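See below for the structure under consideration.
Residue numbers (my numbering): 2 to 237.
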């Protein structure tokens with residue numbers, strides 16, 4: 002009986018050694034392909050955990066990581082929170098497809114307004130809630146906020162309907178001592194006050210001071226025992 006009859010003894014006359022070489026090469030190729038696929042899966046999983054699928058913006062987890070990194074680096078920066086006003090009413094009156102368009106357009110305008118990532122990082126943290134980390138300097142911070150104010154002010158085309166979509170704005174100064182979750186909580190509180198007063202809200206350290214916010218008169222801030230008390234003209 003010819004050895005090539007059995008795969009263990011020979012393959013097409015190449016012998017056991019040749020068969021082993023082919024099998025080993027096939028195993029290596031399979032392992033490499035599997036490694037590549039696993040790397041792709043890890044990358045996809047990493048992205049899924051950190052990016053919003055609808056808008057393509059970083060999500061809350063990615064924002065927290067960004068805040069942690071900024072704290073480690075130091076420097077002057079601010080966390081800005083945006084909530085789209087009466088978003089549920091928009092969904093109920095125009096439909097969820099229009100609501101999705103509003104979210105996508107709002108995200109697009111934030112990206113256009115912020116410019117390069119070195120200047121600001123935008124994120125969608127939940128539903129109609131967005132956030133931005135901006136370098137809070139006289140040059141970059143003012144330019145970014147002015148662009149955001151102008152972008153928000155423009156009506157949106159939501160399918161067949163053209164609609165003005167406004168947002169409540171809250172801002173908190175970043176620092177190296179306060180953990181990211183606390184900063185997020187303070188920014189949330191500023192946004193909630195903004196919804197009630199229909200004015201931008203800024204949380205700053207204790208002591209009265211004047212802050213220039215593009216699109217508004219100067220904002221006089223008096224934070225009493227970490228309670229944000231702000232009055233300002235609206236970017237709405």
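Note that beta-carbon positions come from the ideal geometry of N, C-alpha and C, so glycine has one too. Just so you know, these numbers come straight off a predicted model, no measurement behind them.
Nearest neighbour of residue 95 by Cα position, chosen from 196, 186, 27, 159, turns out to be 159. Beta-bridge partners of residue 163 (DSSP): 158.
With a cutoff of 8 Å on beta-carbon distance, residue 124 and residue 58 are scored as near each other. For the region 41–103, the full-length alpha helix (DSSP H) segments reaching 4 residues or more read 61–74, 88–95 along the chain.
The region 147–158 and the region 25–43 do not touch, with fewer than 3 CB-CB distances between them shorter than 8 Å. Only buried fits residue 184, as 16 or more other CB atoms lie within 10 angstroms of its CB. With contacts defined as CB atoms closer than 8 Å, residue 83 and residue 170 qualify as a contacting pair. Annotated three-state conformation of residue 176 is coil, per DSSP. Non-local beta-carbon contacts of residue 50 in its own chain, meaning distances under 7 Å to residues more than five positions away in sequence, involve 62 in chain order.
In this structure residue 116 touches residue 145 by the C-beta definition: roughly 7 Å separates them, less than 8 Å.
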